[in-house]
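See below for the structure under consideration.
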Amino acid sequence: MKIDVVLPCLNEETALPWVLERMPRGYRPIVVDNGSTDRSAEIAAEFGAWVVTEPRPGFGAACHAGLLAATSEIVCFMDADASLDPRQLPSVAEPVREDRGDLVLGRRVPRSAAAWPVHARAGNAVLAASLRRRTGARLYDLGPMRAARRAGLLGLNLTDRRFGYPLEMVLRAAAAGWRITEARVDYLPRAGRSKVTGTVRGTLRAIGDMRRVMGNVPGKALEKTA
Ligand SMILES: Nc1nc2c(ncn2[C@@H]2O[C@H](COP(=O)(O)OP(=O)(O)O)[C@@H](O)[C@H]2O)c(=O)[nH]1
Ligand SMILES: [Mg+2]
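Per my numbering, the very first residue in the sequence shown carries number 39; after that it's consecutive.
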């Protein structure tokens, strides 16, 4: 059974060869090129990926275009920056395939101090704590490597098209009663330059987008009626 892997991509030409060479058998990479000005699209195609072009800017726009393009029953997401090893995709996909979880997130374990800037790590821990309180899920990381069933994901009707997309996925999944679990994955220093947590502008945009999602997505049905 084939599994599609959505890789949102904005100028990742230096990372793509490593990422795509390490795609395990049975996993099909879908690189969603989102306005790259480097050779990302050409390199992705050279290394055997299916390249989808999403002209509308935004991390969530790229993720969602990949989800819409995917055809497999289970879909994975991961960043295209070589900070995550595709060889570990089965860690998140297998629990879904074996029906031990509905949404499985890779909990990042940094393999060097450079992998995870301290402010990003701290911000993520605060966010995970508030997600635990809000959803009851035992989540310690809002990690970008994840797996779920495609039909279910489409049914969540995700609306964010920016950096709130991964958070909205978790909140709506929790509200729908999904079993959300984690699997440990290595976190490596990315190839090339960070655009989100490695820049002030990216960090502020991500915080703003996540705040908006936190405010907009209703909580669990249970909590609302309680
Ligand atoms: N489509 C899209 N993808 C983005 C954008 N910013 C970052 N990405 C991609 O999102 C992933 C994570 O970004 P990254 O720069 O590594 O952020 P970091 O992990 O916080 O350092 C990478 O695969 C990027 O190519 C964006 O504005 N639009
Ligand atoms: Mg990164």
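Here a beta-carbon is modelled for each residue, glycine too, at the ideal position from N, C-alpha and C.
All values derive from a computational prediction rather than experimental measurement.
**Per-residue DSSP class, three states only, for A99** = helix
**Reference E206; option with closest CA among L169, G240, S232, R217** = Comparing Cα-Cα distances from E206 to each of L169, G240, S232, R217, the minimum goes to L169.
**Request:** Give me every residue whose Cβ sits closer than 7 Å to any heavy atom of ligand 2, in chain order.
**Result:** D117, D119, S121, R228, S232, V234
**Prompt:** Using the rule of at least 16 other Cβ atoms within 10 Å of the residue's Cβ for burial, across every protein chain shown, is E84 buried or exposed?
**Reply:** exposed
**Prompt:** In whole angstroms, what separates the C-alpha of E50 from that of A229?
**Reply:** Straight-line Cα distance between these residues: approximately 8 Å.
**Message:** Counting beta carbon pairs with one atom in the stretch 99-108 and one in the stretch 39-56, are three or more of them shorter than 8 Å?
**Reply:** yes
**Item:** N-terminal and C-terminal residue of the alpha helix (DSSP H) that A213 is part of
**Value:** 203-213
**Request:** Can you tell me the Cβ-Cβ gap for L24 and A211, rounded? I've got them flagged as a contact below 8 Å.
**Result:** Only positions 39 to 264 of the chain appear in this structure, which leaves residue 24 out of reach.
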